[in-house]
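Residue numbering for the sequence shown follows my numbering, beginning at 1 and increasing consecutively.
Working notes, beginning with the structure itself.
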Amino acid sequence: MAASLRSFPLTGADYFVWALDRQMRRAGLSGNVCRMVVRLEGPVDEVRLRARLAGSPILGQLARLRLVRPLPLLSPRWRPVGGELPELLRVHPAPAGSDPGLVPALPAADLRPGVAPVLGFDLVRRSQGGDLVLSWHHALMDVRGADLLLRHLGRAAPSAAGPAGAFGDPGAAALPALRRWGSYPRRVGFARGSLAFITTTCREPLFSLVPAGSPAAGASNTYRVHWFTPDETSRVDEHGRRLDAGFRRSQFYLAASVRALHAVAAKRGDAVGAYVVPVPHDLRRRGAEGPILSNQLSFLFFRIEAAQTGSLAGMVCELTRQMMDQARGGNPESFRAAMELFRPAPLDFYVRQVGRPTRGRLATFFFSDAGESCPGLDRLAGAVPTAVTHLAPASCPPGLTVVFSRFRGRLCFVLSWIDGCLTAREVDELERAVCTALLEGDGA
């Protein structure tokens, strides 16, 4: 849309991830800031890149947004600010002695929803190209929205409006759905169904990586990125098909992650607790190019008992059963309704309620499968993209996030963890165990 972006309400999912941000900062961690790293091969035209960023109507409007609450007990909204925006691109040399195969280490971007801009770019120059890093506060958009934004910036001649529906009213889809659920008491009853389900799913015993007490102030978030070769990716896909997960790759990846973490738990002498994992569920229509703004998400919740971790095939079957049961039971819609109903609540009150049904233990780890990243992104700033990496922050609890994605068909996973939740040796073991489970299947 060429006109100025209007004031829009947050979705329930936007408010939920903002509540997680508040929880993270109280624990001494950085906020809920996500990153996507595009590895560029060949000369990067910085002048062209700056012109592309400055000329994008979508980016210009997103960068002007900040979160406001007009009055107490009214839902918060995204509202554009006036005046000149600061430069959105910072350029850095590659750190001396850095490994060019690794994701660049950058200063933490302290992006906050109430202060514009809530996104920005860093370009890390390398001798044979560079890394373009998009950082954004999670309340602004989900990873699919960031993916759509990068694809828009990479187009040679994008339209003034960008992708169709890029700024579709993020609250519009939620409001008719809430009305369709009936009167307020009926909506509350419908929403409570998901909370009851989560409480049952998160029943004890649960395995947790979080040590007794809160993490020390200033605890850092560290990432480990693993790219499979094209041949290894083909082997992983073949093992998935043998496990009847050809069209349910996410369940295969999740099963492998649970098995790997169970190996860590067994070495700790804590191999009796179950593994509870929330998985984001994209509410956009399949193939839709928008909206970019806001989190268009609900969640599915999965539970795997320790005794079920011995068979990947069995776990894939169990995860598939749970997914279908939740879909038939309307759990994603129910959880979405619960998030929408909490939008008028004061943030501190909401933060207390997020972990109340499960006494703060909402998950053993967070997991997502972003699918194919930036399809059609062939050139950016005159250079060729060769990899796209998703860096999702970990909160504490649970202390670990696992993200799978692909670029040009090549599979990747990222481990994101909080200091004190995993040792360096355990991270090595976790990475190896995920690879072994995916490459060797039940023959591991």
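Note that the Cβ used here is the ideal one computed from N, Cα and C, for glycine as well.
Beta-carbon gap between residue i and residue j smaller than 9 Å
i	j	result
Phe299	Leu254	no
Val225	Thr389	yes
Thr233	Asp419	no
His262	Ala313	no
Phe349	Thr401	no
Leu53	Leu153	yes
Leu67	Ile292	no
Cys421	Ala27	no
Arg90	Asp122	yes
Pro93	Val124	yes
Pro205	Ala274	yes
Val44	Cys374	no
Phe335	Ala109	no
Val354	Leu362	yes
Leu119	Ala51	no
Val403	Val414	yes
Arg77	Pro9	yes
Phe197	Gly287	no
Residue range of the unbroken beta strand (DSSP E) whose run includes residue i
i	result
Cys412	Arg410 to Ile418
Leu141	One point to set straight first is that residue 141 is Met, not Leu, in the sequence displayed. Unbroken run through Met141: none, as it is neither H nor E.
Asn221	Asn221 to Trp227
Glu372	Phe366 to Glu372
Cys34	Val33 to Glu41
Arg66	Leu65 to Val68
Given residue i as reference, the closest of the options once Cα atoms are compared
i	options	result
Ser7	Val81, Ser56 and Leu89	Val81
Leu411	Arg249, Ala383 and Thr309	Arg249
Ala345	Ile304, Arg321, Ser294 and Ser75	Ser75
Pro132	Ala383, Leu422, Arg22 and Arg144	In the sequence as presented, Pro is not what sits at residue 132; that position holds Leu. Considering only alpha carbons, the answer is Ala383.
Leu20	Leu347, Arg379, Leu377 and Cys374	Leu347
Ile304	Cys317, Ser395 and Ala394	Cys317
Ala219	Arg125, Gly399, Val403 and Leu49	Gly399
Gly493	His92, Arg77 and Gln61	The shown model of the chain, from 1 to 444, leaves out residue 493, and the question about it has no answer.
Ser208	Gly269, Ser405 and Val403	Gly269
Val258	Val276, Asp244 and Lys267	Val276
Leu439	Gly376, Gln326, Arg242 and Arg328	Arg242
Ile58	Arg425, Arg155, Ala424 and Lys267	Arg155
Ser135	Ser127, Leu88 and Arg126	Leu88
Buried versus exposed, by CB contacts within 10 Å (16 or more), residue i
i	result
Pro211	exposed
Ala338	buried
Gly290	buried
Pro70	exposed
Pro117	buried
Ser416	buried
Val272	exposed
Thr364	buried
Arg151	buried
Pro332	buried
Gly162	In this prediction, Gly162 scores a pLDDT of 49, lower than 50, which makes its location untrustworthy; no coordinate-derived value is stated.
Thr309	buried
Asp14	buried
Val47	exposed
Ala146	buried
Ala2	Its pLDDT being 36, under 50, Ala2 is placed unreliably by the model, and nothing is read from it.
Ala394	buried
Ala256	buried
Thr201	buried
Gly55	exposed
Same chain only: Cβ atoms within 7 Å of residue i, ignoring 5 sequence neighbours per side
i	result
Pro176	For Pro176, the predicted model reports a pLDDT of 45, less than 50, meaning its position is unreliable and no value from the coordinates is stated.
Ala260	Leu430, Ala433, Val434 and Ala437
Gly240	Gly246, Arg249 and Phe252
Val115	Arg66
Gly376	Arg151
Contact set for residue i: own chain, Cβ-Cβ below 8 Å, skip 5 residues either direction
i	result
Gly409	Pro230, Thr233 and Glu372
Arg144	Asp282, Arg284, Gln296 and Ala370
Leu40	Gly129, Gly130, Asp131, Leu132, Leu380, Ala381, Ala383, Val384, Pro385 and Thr386
Val17	Asn32, His138, Ala139 and Asn295
Contact set for residue i: own chain, Cβ-Cβ below 6 Å, skip 5 residues either direction
i	result
Leu391	Arg35 and Tyr223
Leu73	Pro344
Arg79	Ser7 and Val68
Phe228	Leu411
Residue range of the alpha helix (DSSP H) that includes residue i
i	result
Pro278	It is not in any alpha helix (DSSP H) - Pro278 instead sits in the beta strand (DSSP E) that spans Tyr275 to Asp282.
Thr436	Ala424 to Glu440
Pro80	Not the alpha helix (DSSP H): Pro80 falls in the beta strand (DSSP E), residues Arg77 to Pro80.
Arg25	Gly12 to Arg26
Phe252	Arg249 to Arg268
Ile58	Pro57 to Leu62
Arg336	Asn331 to Leu341
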